[in-house]
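Numbering (the numbering used here), first residue to last: 1 to 468.
Just so you know, even glycine gets a beta-carbon here, dropped at the ideal spot from N, CA and C.
Note that the structure is a prediction, hence the values are computed from the model and not measured.
Listed below in structure tokens is the structure:
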């Protein structure tokens, strides 16, 4: 096949062709490596390409498939991994100047699992420095510069999984691994017009990953479709004694083949997720729910419970981040970060009292009870992916992107699974998205809602206007 015919195929489509041997894993890896070399710098998408490792893995996959040893739907499939995941023999910079030369002699658990599935790592995706844990005002808060949106290079991809969003949107890889403490999978999915799946907290091991907030960090895929994201989650999910927050056997695993519930989905349309979404986004969100309503889903308005959820989440992230980067702060090397806000926030974080942190933990317990009650009535709740489309690269995020995000606070404090998928294109030709959230460990419900939506729409097939 021609390179242009391959680059935007889904994982599912690539897998079928590789299994039948109508596509060569070696040839496909070369397609993506060449594209990463030529287009990656245009978007500041990659921190580094892992070319030698990719070629070795692709040759191994091709040989195994030829011998009838097919490992499954990720066998031979190229991917990128956020540069906070340890990869043996390659830099793992955490997107930050103080760690520019950092290397590990082991692979993170997620990389191990994808190796076992036969996937081919072609590069480390760029990211906001320290995954935004220290705070930042500008998209330029990264060792590799601002990640540029393939739909409009004057706009941002969102963060902190900034490169992962750009890579999937630009056809630089079929899927990429991102992480989320608060918004870092779902926001790039919305801004870049791709699918982003945030798993239940504890479903995917964080061993070998940089920590931001140990009680909130999650790892998940960005991909073209909900089907692809589910296949990746199946591969990377599972218990791991090296991560003390890992769910136990029997709860951590995920089955991508799990179908939709026998009865119609009950969807709660959140009326207070965003205060003032842009009119085009509100219209696209309503149109998306209308699609699901026509497919037999029961859609009903519902409000998020009121409370200081964002404040509690902010306190927990600040305290846990200050602990994770205590050496960086105490040494003064935090001054080497790119963003001025990141250079000083660590010192402020360390002033937060133990009493404030304990109070935040109590708020979390109250919230978890309220959310459990909410999901007694609904399989999933839905909201617009973001209240705005992708912002320009020079936007001051502290002053111009400071809208309230109670859903982000609630979802991440409670460790809820969520998925974001594209649901429209604005008049400025930028993607708009919808997100679905479900009860803890009910990742299958958000995947089912997204699959149903994508079976009856084609927004996930739209491509940005990219010229070579």
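Enclosing beta strand (DSSP E) for residue 430 [first to last residue]
Residue 430 -> no beta strand (DSSP E), and no H or E assigned at all.
Below 8 Å on the Cβ atoms is my contact criterion, and I expect residue 270 with residue 381 to pass it. Report the Cβ-Cβ distance as a whole number of Å.
5 Å
Whole-angstrom distance between residue 76 and residue 180, CA atom to CA atom:
26 Å
Of all the options 59, 344, 191, which has the alpha carbon lying nearest to the alpha carbon of residue 429?
191
Relative to the ligand NAP, is the shortest distance from any of its heavy atoms to the C-beta of residue 224 smaller than 6 Å?
In terms of ligand content, the structure shown is empty, and the ligand NAP therefore cannot be addressed.
Tell me the DSSP secondary structure of residue 92 in three-state form.
coil
For the alpha helix (DSSP H) that contains residue 497, what are its first and last residues?
Past the boundaries of the shown model lies residue 497; the chain is included only from 1 to 468, so the question cannot be answered.
Give the DSSP bridge partners of residue 121, in chain order.
79
Given residue 440, which residues of its chain have a CB within under 7 Å of its CB, disregarding the five upstream and five downstream residues?
200, 414, 415, 416
Which residues mark the beginning and the end of the beta strand (DSSP E) in which residue 156 is found?
152–156
Could you compute how far the alpha carbon of residue 98 sits from the alpha carbon of residue 203?
30 Å
If you count every other CB in all the chains shown that lies within 10 Å of the CB of residue 83, and 16 or more means buried, which is it?
buried
Which residue marks the beginning of the beta strand (DSSP E) containing residue 272, and which one marks its end?
Where residue 272 is concerned, there is no enclosing beta strand (DSSP E), given that its DSSP letter is neither H nor E.
Assign residue 396 to one of two classes, buried (16 or more other C-beta atoms within 10 Å of its C-beta) or exposed (fewer than that).
exposed
So for residue 320, helix, strand or coil by DSSP?
helix
Inter-residue CB distance, residue 303 and residue 272 (contact presumed, cutoff 8 Å)
5 Å
Please work out which residues of its chain come closer than 7 Å, Cβ to Cβ, to residue 105, disregarding the five sequence neighbours upstream and downstream, and give them in chain order.
88
Given that a residue counts as buried once 16 or more other Cβ atoms are within 10 Å of its Cβ, and exposed if not, what is residue 250?
exposed
From 418, 465, 462, residue whose alpha carbon lies closest to that of residue 442:
418
Three or more beta-carbon pairs under 8 Å between the region 41–59 and the region 113–133, yes or no?
yes
Could you say which of 182, 267, 102 lies nearest to residue 291 if we only look at CA atoms?
267
According to DSSP, is residue 423 helix, strand or coil?
strand
So, residue 222 versus residue 164, is the Cβ gap smaller than 7 Å?
yes
The beta strand (DSSP E) that contains residue 327, what's its start and end?
Per DSSP, residue 327 belongs to no beta strand (DSSP E); it is in the alpha helix (DSSP H), 326–331.
Look up residue 220 in the DSSP assignment and say whether it is helix, strand or coil.
strand
Cutting at 7 Å between CB atoms, please list the residues of its own chain near residue 175, excluding the five before and the five after it.
11, 79, 168, 221, 222, 223, 228, 232
With 16 other Cβ atoms within 10 Å as the buried cut-off, status of residue 361
exposed
Quick one: what's got a C-beta closer than 8 Å to residue 103's C-beta in the same chain, skipping five residues either side?
89, 90, 91, 92
Hey, out of 113, 186, 299, whose CA is closest to residue 207's CA?
113
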